[in-house]
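Below: the structure, in structure tokens.
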Amino acid sequence: MSKTPEQIALMAESGRLLASVFGYLDRLDLLGMSTLQVNDLVDKYIVEELKARPASKGQYGFAYAMNTSRNEVVCHGVPSANEILCDGDLVNFDITLEKNGYIADSSKTYLIGEVTDQARQLARVTYEAMCKGIAAVRPGARLGDIGHAIERHARAHGYSVVRDYCGHGIGREMHEPPEVLHWGKAGTGLTLREGMTFTIEPMLNQGKADVRTLRDGWTVVTCDGQLSAQFEHTVAVTRDSVRVLTLRPEELQLSSVSA
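Per the numbering used here, residue 1 is the first one in the sequence shown, and the count goes up by one each step.
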């Protein structure tokens, strides 16, 4: 479950490359693009520019380089030529990248054009909730501390936390132990120790936490049709703190926990 410093260095390189994918997405004009167009650009960038592998492609039979989850889609959205990013949309891009045998996993919710204040706030609070969870990570802390910090922040702003999906250990495999719940009781659960690597990826809903899966077997949506947002980072427990392996350059607010 724990990784050696050498293994974490390899994961950090995958994380650095993955962060650059989001930098590439940040420079695109997403308005009017189809989610399949975005997927194809990301696939090409990872393979041709970064000389890496889109780890989601072929995983569990999934055919694409990324998940594209728009508006009421909570997670696992499937890229489509018929799904156009429109003014006012929220869309989460969830991407995994493998380099030198190790995988990094991260996601970011993008605001397309002029979004409502309510949508903007949901995205902001979801990002903050992820940061609260990351800040709870250190040797000797418990997994429940992470979930408690996330859930407390979400509830304070009137949002629900999706309970059907969670973070996970990661390394040579995309999904490894432990499961990292985004709700919970402080002081409970597995004790964290140096060298553990896992994702923190809360999904917050405007309305109720209930979700359902569409007939395609992938796309998960809110049952009440209200908006959902998600952010995700891959982290490593260090000797005395936490390191964010997929940190993006603009995330100055996370610099204090990424050292």
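Glycine included, each C-beta is placed from N, C-alpha and C at the ideal position.
According to DSSP, is residue i part of a helix, a strand, or is it coil?
i              : result
glycine 195    : coil
isoleucine 46  : helix
valine 21      : helix
glutamate 250  : coil
tyrosine 159   : coil
asparagine 205 : strand
arginine 264   : Residue 264 cannot be examined here, being either before or after the span of the chain that is shown, 1 to 259.
arginine 212   : strand
arginine 152   : helix
arginine 16    : helix
serine 258     : Model confidence at serine 258 stands at a pLDDT of 37, short of 50, so the residue's coordinates are unreliable; what they give is reported in the following sentence. If DSSP states are grouped into helix, strand and coil, serine 258 belongs with the helices.
aspartate 40   : helix
glutamine 59   : helix
alanine 9      : helix
aspartate 26   : helix
Answer with buried or exposed for residue i, where buried requires no fewer than 16 other C-beta atoms within 10 angstroms of its C-beta.
i             : result
arginine 243  : buried
cysteine 86   : exposed
arginine 248  : buried
leucine 10    : buried
asparagine 39 : buried
glycine 113   : exposed
glycine 61    : exposed
methionine 1  : exposed
glutamate 28  : It is worth fixing the name first, because residue 28 is leucine in this sequence and not glutamate. By the 10 Å Cβ count, leucine 28 comes out exposed.
histidine 94  : It should be noted that the sequence gives aspartate, not histidine, for residue 94. Buried: at least 16 other Cβ atoms inside 10 Å.
glycine 23    : exposed
proline 54    : buried
alanine 52    : buried
threonine 68  : buried
glutamine 118 : exposed
glutamate 151 : buried
leucine 214   : exposed
alanine 209   : buried
Do residue j and residue i come within 8 Å of each other at the CB atom, strictly closer than that value?
i             : j              : result
glycine 167   : valine 180     : yes
glycine 77    : threonine 219  : yes
valine 42     : valine 21      : yes
alanine 129   : alanine 154    : yes
valine 115    : leucine 97     : no
threonine 222 : valine 211     : yes
glutamine 226 : methionine 203 : no
glycine 184   : proline 178    : no
glycine 217   : glycine 187    : no
isoleucine 84 : histidine 233  : no
arginine 142  : glycine 189    : yes
glutamate 13  : serine 107     : no
Tell me, please, which residues DSSP counts as bridged to residue i.
i              : result
glutamate 179  : His168
aspartate 94   : Asn67 and Ser107
glutamate 232  : Ser107
cysteine 75    : Val220
valine 244     : Val235
isoleucine 200 : His233
serine 34      : Ile84
lysine 2       : A quick correction: the sequence has serine, not lysine, at residue 2. For serine 2, which the question treats as bridged, DSSP gives the partners Met196.
arginine 53    : Glu98
* To do: Starting from the N-terminal side, write out each stretch of the beta strand (DSSP E) that is 3 residues or longer and does not extend beyond the segment 99–149.
  => Listed in chain order, they are 102–111.
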